[in-house]
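Okay, so the sequence shown: first residue is 542 according to this note's numbering, each after it adds one. All C-beta atoms in this analysis are idealised placements derived from N, C-alpha and C, irrespective of residue type, glycine included. Take a look at the structure below.
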Amino acid sequence: MSDTFTIHTDGGARGNPGPAAFAYVIQRDGAPAIEEAGCLGKMTNNQAEYTALIRALEQAARLGTGHQLEIHSDSELLVKQMNGEYRVKDERLKPLYEQARRLASRFGAVTIRHIGRAQNAWADRLYNAALDAAGKRPSQAGPQKRSAAATGREAAVREEAIECLRAAAKTWALGNANDPQPELVWEQLWSVLEENGLV
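Here is the structure:
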């Protein structure tokens, strides 16, 4: 039997912040998969993503810390922060990040990889089902007033994203359509949106 656990985690909020839920799936060779999902109350997408990771690490620890973990998440922000590529700027995420790091340090080897949403369908379905069961569909929530702070933050993020595009366009205008690569520009834009809780 392999001593590696393959873990998929996912979490999200409807409203960001809004009603949130988490889910994880732990797969082990020769044993049934372990899955859990549940509602978390009101929080942001990123807080829900970290909570899903923490719950998965807690469950993995109950199964024994002698195992290696291969963790998959569709949150690029979480993965890059956990791998030390991004700093944790959001004060709300710092305690969750520190808790996840402490839990991960209990295992011999932990690999955290970013995957696309399509590859994370099992965990995605679980956390959405938890929100649906709690009656938190967006259509039932009704219109929400946007605060001035939220509007101001979105304007700042919009300007940052536009500057990113302007810089890329200036370089592309020199004649090389692949410098920078469009995929890298998209990843930069996505990171800006995700880090500010807009996706």
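In this structure, the beta-carbon distance from Thr-545 to Leu-637 does not fall below 9 Å. Within the segment 638–682, the complete alpha helix (DSSP H) runs of at least 4 residues fall at 662–674, 679–682.
Here His-655 has Glu-617, Val-620 as same chain residues with Cβ atoms under 6 Å from its own Cβ, once five neighbours each way along the sequence are excluded. In this structure, DSSP gives Arg-596 a helical state, which the three-state scheme calls helix. Per the coordinates, the alpha-carbon of Glu-577 lies some 41 Å from the alpha-carbon of Glu-704. Gln-722 carries a coil assignment under DSSP once its states are collapsed to helix, strand and coil.
If you ignore the 5 residues before and after Val-629, its C-beta comes within less than 7 Å of the C-beta of Gln-622, Lys-635, Tyr-638, all in its own chain and listed in chain order. Within the segment 547–594, there are no complete alpha helix (DSSP H) runs of at least 4 residues. Between Ala-675 and Ala-562, the C-beta spacing is below 9 Å. Pairing Ala-572 with Val-566, the inter-Cα distance amounts to about 13 Å.
When DSSP states are grouped into helix, strand and coil, Glu-704 belongs to the helix group. DSSP places Glu-626 in no beta strand (DSSP E); its state is neither H nor E. Approximately 6 Å separates the beta-carbon atoms of Thr-585 and Asn-557; this is inside 8 Å, confirming the contact.
A distance below 6 Å between beta-carbons, with the five flanking residues on each side excluded, links Ile-612 to the following residues of its chain, in chain order: Ile-548, Ile-653.
With contacts defined as CB atoms closer than 9 Å, Glu-590 and Gly-553 qualify as a contacting pair. The C-alpha of Gly-607 is placed about 6 Å away from the C-alpha of Phe-648. Arg-603 counts as exposed, since fewer than 16 other beta carbons sit within 10 angstroms of its beta carbon. DSSP, reduced to helix, strand and coil, places Glu-632 outside both helices and strands of the structure shown, so it counts as coil.
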